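Trainee:
In my numbering, the protein residues as written are 14 to 251.
Pasting the structure below:
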């Protein structure tokens, strides 16, 4: 007999999300280069992140279909904090530091990233204002960008700057489309491509660069241009 609220099936999926993030942190912290190369360890972390994202995506529909519990919302937020707020910062900073001899800037970049992710997730939990689209870079996308960057073998300074930039983007006013329709199709295709690269089916640098450009430039620019265009008053012919 347990002394807490009995978790629902959806809660167990959410817990799986958190455990994927925790596993990534523990593996990065305890695995040395002699046991597993940086590239292979990065592939493992990437696969764990993909699994976590899938679990984070399906726990909501499962809760709506079969019912959730009082644990659902707070557990979901805590899981996202671990998987998308802490794990990517730890993974990228430790793995880059492993090959580059360490750099204090990596600690600063990782802290800015984590702070941005936690503030974003707390804001979403408290305000719940994001409906039609998202304000700021969603934390799963930020986590993806951080891990994808690792496949490009960045220097410590580049990784530190990228982590800090991602942290600031998560709390920025830049708007991103919600994951539905064309945005969902593009996102799903991106996850499939990224999973293939993470599993070593093909070299990762090319899809990594393409993914970063699409997520950080093409999608937000196109979405914000569309928002501005639809907000303009219709012209009336004289």
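We put the CB at the ideal spot given by N, CA and C, even for glycine.
Here the structure is a predicted model, which is why all the values come from computation and not from measurement.
By Cβ distance, which residues of its chain are closer than 8 Å to residue 140, with the 5 residues on each side in sequence left out?
Mentor: Within the same chain, residue 140 has no close Cβ partners at all.
Trainee: Decide yes or no for the touch test of the stretch 119-136 against the stretch 98-105: beta carbon pairs closer than 8 Å, at least 3 of them.
Mentor: At 8 Å Cβ cutoff, the stretches touch.
Trainee: Roughly how many angstroms lie between the CA atoms of residue 21 and residue 70, to the nearest whole one?
Mentor: Their backbone Cα atoms lie some 16 Å apart in a straight line.
Trainee: Three or more C-beta pairs under 8 Å: does that hold for the stretch 57-65 against the stretch 118-129?
Mentor: Counting Cβ pairs under 8 Å, fewer than three are found: no touch.
Trainee: Return helix, strand or coil for residue 72, following the three-state DSSP convention.
Mentor: Looking at residue 72 - three-state DSSP - the assignment turns out to be helix.
Trainee: Quick one: grab the DSSP three-state call for residue 78.
Mentor: Residue 78 falls in the helix class under three-state DSSP.
Trainee: Evaluate the contact criterion for the stretch 17-32 versus the stretch 63-81: three or more CB pairs, one atom per stretch, below 8 Å.
Mentor: With a cut-off of 8 Å, the stretch 63-81 and the stretch 17-32 count as touching, because enough Cβ pairs lie within range.
Trainee: Just to check my reading of the structure: residue 30 and residue 92 have Cβ atoms closer than 8 Å, yes? What is that Cβ distance to the nearest angstrom?
Mentor: Contact flag correct, Cβ pair sits at about 4 Å.
Trainee: Just to check my reading of the structure: residue 105 and residue 162 have Cβ atoms closer than 8 Å, yes? What is that Cβ distance to the nearest angstrom?
Mentor: That pair is a contact at about 7 Å.
Trainee: By a C-beta neighbour count over all protein chains shown, 10 Å radius and 16 as the cutoff for buried, is residue 25 buried or exposed?
Mentor: It counts as exposed.
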